[in-house]
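In the working numbering, the protein residues as written are 3 to 382.
The beta-carbon is built from N, C-alpha and C at its ideal position, and this holds for glycine as well.
Source: prediction; values computed, not measured.
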């Protein structure tokens, strides 16, 4: 169909209605319109989807918005990441989403400095924000971790794949086949608590204005249990089984759905045994908070991210450098290797590690224990 524009030029609308297919598109020339009709007819005869012809014109931002509004339920933080991605590359048409541009975007994000919050007015005493000290002793802004940009990578991939499935067109995986996702971590951390450092962290909680006792208990709980903080904050009193007559039979139930690895092969519900320090911490210091079996054992913060900020302040007050909450889990795992005769499988049932290769980095903690067991067996 030929159409006249106000400026005197013409456009050509091509329409195809056949076998239940109803598509149309406007072109600047008659030749392009005829080519569209020919190509569409060919696709219909071959049984191929013709939605892709229309989908190629849509922008990434429109796809991300469709995914947020019509896709599966997702946490707020993922929606915020998609909103950030939309700000940065939302104007790119799907047809222009190619390997080079995607690689350039990932490289840009890996080198990008973490910006200050827009609402930030002044530096907070005792809190470094997104700052770190470089090798020259200068305070500089931090850049995003590769594990963070890895989430951006998979957010984009998941949204595009969902949109192609919903709208019945072929998902172009080439950019993702050609561009490797950033690693989960550059180098596994090996930070251990120094002698007396746990006590310093606990004492530093006294400088907090609110939830000082709860903060003390959470830090010790994470260290003694070797749990992830996310699953810890979902534990309810009904999940804790204390046996005061036989404390060695006590355990904490961690349902599969609450674990970070819930969607991975081999994930299962955990019945995590307790080391003595954890048993006594719960029994003597935490039970006083219990009001109902359905209550969370740590209801004092809305989620892990709130305590991440709190922990950085605690570390500042305790004069602990380069320490993260995940290092407490690392410390807890190390304790099981150094002070118990549990097998790797048995330890993984407590800590929730699915890939035993992850536990291999703890193997160097065991030589003296193996030697002690060997000598003890010979002396009998």
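Around the beta carbon of residue 337, 16 or more other beta carbons lie within 10 angstroms, which makes this residue buried. Residues 228 of the same chain have their beta carbon placed closer than 6 Å to that of residue 331, with the five preceding and five following residues left out of the count.
For residue 272, the uninterrupted beta strand (DSSP E) run begins and ends at 272 to 275, by DSSP.
Looking at the backbone, the Cα of residue 245 and that of residue 167 are separated by about 51 Å. With respect to the C-alpha of residue 162, the residue from 39, 346, 107, 61 having the closest C-alpha is 61. When the beta-carbon positions are compared, residue 354 and residue 263 come within less than 8 Å of each other.
In the DSSP secondary-structure assignment, residue 115 is bridged to 145.
Boundaries of the alpha helix (DSSP H) around residue 223: 214 to 227. Looking only at 242, 257, 363, the smallest Cα-Cα distance to residue 251 is reached by 242. With fewer than 16 other CB atoms across the displayed protein chains lying within 10 angstroms of its CB, residue 32 is exposed.
A residue is called buried when at least 16 other Cβ atoms come within 10 angstroms of its Cβ; residue 377 does not meet this threshold and is exposed. Annotation: residue 30 to residue 314 spans about 60 Å, alpha carbon to alpha carbon. The Cβ atoms of residue 204 and residue 221 sit closer than 8 Å to each other. For residue 255, the enclosing beta strand (DSSP E) starts and ends at 253 to 256. Between the C-alpha atoms of residue 320 and residue 202 there is a straight-line separation of about 5 Å.
Just so you know, the alpha carbons of residue 357 and residue 348 end up roughly 13 Å apart. Rounded to the nearest whole angstrom, the C-alpha separation of residue 71 and residue 155 is 20 Å. Between residue 258 and residue 270, the alpha-carbon positions lie close to 5 Å from each other. Taken through DSSP and simplified to helix, strand or coil, residue 302 comes out as coil.
For residue 177, the enclosing alpha helix (DSSP H) has its first and last residue at 176 to 180. In the DSSP assignment, residue 250 falls outside any alpha helix (DSSP H) and carries neither an H nor an E. Look at residue 16 here: in three-state DSSP terms it is strand.
Residue state for residue 191 is assigned as coil, using DSSP reduced to three classes.
The alpha-carbon of residue 339 is positioned some 27 Å away from that of residue 306. The beta carbon of residue 177 sits closer than 6 Å to those of 101, 104, all from its chain and outside the five residues before and after it, given in chain order. As the crow flies, the alpha-carbon of residue 13 is around 14 Å from that of residue 38. The secondary-structure analysis by DSSP pairs residue 101 with nothing; it has no beta-bridge partner.
The Cβ atoms of residue 68 and residue 172 lie no closer than 8 Å to each other.
Pairing residue 327 with residue 235 gives a Cβ-Cβ distance that is not under 8 Å.
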